[in-house]
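Chemist: Residue numbers for the sequence shown follow numbering that gives the first Met the number 0, so the first one is 0 and each next one is one higher.
Where is the CB? At the ideal position from N, CA and C, for every residue including glycine.
Attaching a single structure in structure tokens format; questions to follow.
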Amino acid sequence: MRNQQSSSTAQSVAINAVLLLYESAFGKLVPSDTVPPTRWFLQGVPGLTANSSTLSNCASMCPCMQRIEQWKLPGITIHNLLRKLWFEDKVRDALDSGCSQIVVIGPGFDTLAYRLHQEFPAVRWWEIDHPATQQIKRIVLERHGGIKANLKLLPVDFTQQTLADVLTSTAHYNRHAVSLFVVEGLFMYLTEAKVREFLQTIHKYSGSGSGLIGTVLAEQKDGQKDSQLAIPEAKRTSKLACQHGTLAYRRAFSMASIFR
């Protein structure tokens, strides 16, 4: 990501999420309340992406985008959808169990915190993301009047600050409260040392019973990270999800209580 540009990954995930609506087999799995804010975020990105967001409203774009996906990374769109549904299930489980703080790190244009902070006004929510991506999200949500007092968007460049810096300087964050940290699609971009630092910080600055949900890539014998390993499983699982309305995404991990 360039310093002044929003994440290209965030943009591509959002575009594919909207296009998935027009896919006959999987479109019904897309939660309807995720679509408007996702389109807002895309339309807030200057240049090509804003134009692409208009095209993403057209069912005729689906075959073209599907061919591109098959060429680049087959199955990634349904993989991302199932992963996000899994994450939302886990967040709701945590809220039902008494979690009072949710910290989402590196969400891009994900809508989870935006949607659920309105449904759970007694819970405190934070999104921590790169300033360029966060600025677009903030402007768009302020334009649509969608940010309540219990959701804070924190622009953070982790090359300049640590997670500990952020948590200790954030108003109303209670390090003794039961908290859930959501780290989707981020750890694979970090060094092992940085991941360990994140885990140690979360352990230190959260109350007993706190947890973390996130994603990792499987490591092959040759040391390479296999980004496609989970995709066939996601496609198989999606068939069951369509038939039964449920899913079980196995490649994400859940740590119900870190180091406790």
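Can you tell me the Cα-Cα spacing of R82 and N15, whole angstroms?
Modeler: Distance between the alpha carbons of R82 and N15 is about 14 Å.
Chemist: Short of 7 Å in beta carbon distance, which residues of its chain neighbour H171, apart from the five on each side in sequence? Order them along the chain.
Modeler: Only R123 meet the Cβ criterion.
Chemist: Where does L185 fall in DSSP's three states?
Modeler: L185 falls in the coil class under three-state DSSP.
Chemist: Could you give the first and the last residue of the continuous alpha helix (DSSP H) run that contains V194?
Modeler: Its alpha helix (DSSP H) spans residues E191 to K203.
Chemist: Considering only C-alpha positions, which residue in the set L20, Q100 and A9 is nearest to L166?
Modeler: When each option's Cα is compared against that of L166, the closest is Q100.
Chemist: Distance, Cα to Cα, Q134 vs V194?
Modeler: Approximately 25 Å, taken between the alpha carbons.
Chemist: Spatial neighbours of V12 within its chain, please: C-beta separation below 6 Å, excluding the five flanking residues on both sides.
Modeler: Here the set comprises N79.
Chemist: Mapping the DSSP letters down to three states, classify P120 as helix, strand or coil.
Modeler: Correct three-state label for P120: coil.
Chemist: For F40, which residues from the same chain have a beta carbon less than 7 Å from its beta carbon, with the 5 sequence-adjacent residues on both sides left out?
Modeler: The residues are A13, F108, I135, K136 and V139.
Chemist: CA-CA distance, G26 and D88?
Modeler: Rounded to whole angstroms, G26 to D88 spans 19 Å at the Cα level.
Chemist: Please determine, among T76, L150, H202 and R38, the residue with the shortest C-alpha to C-alpha distance to T169.
Modeler: The option with the nearest alpha carbon to T169 is L150.
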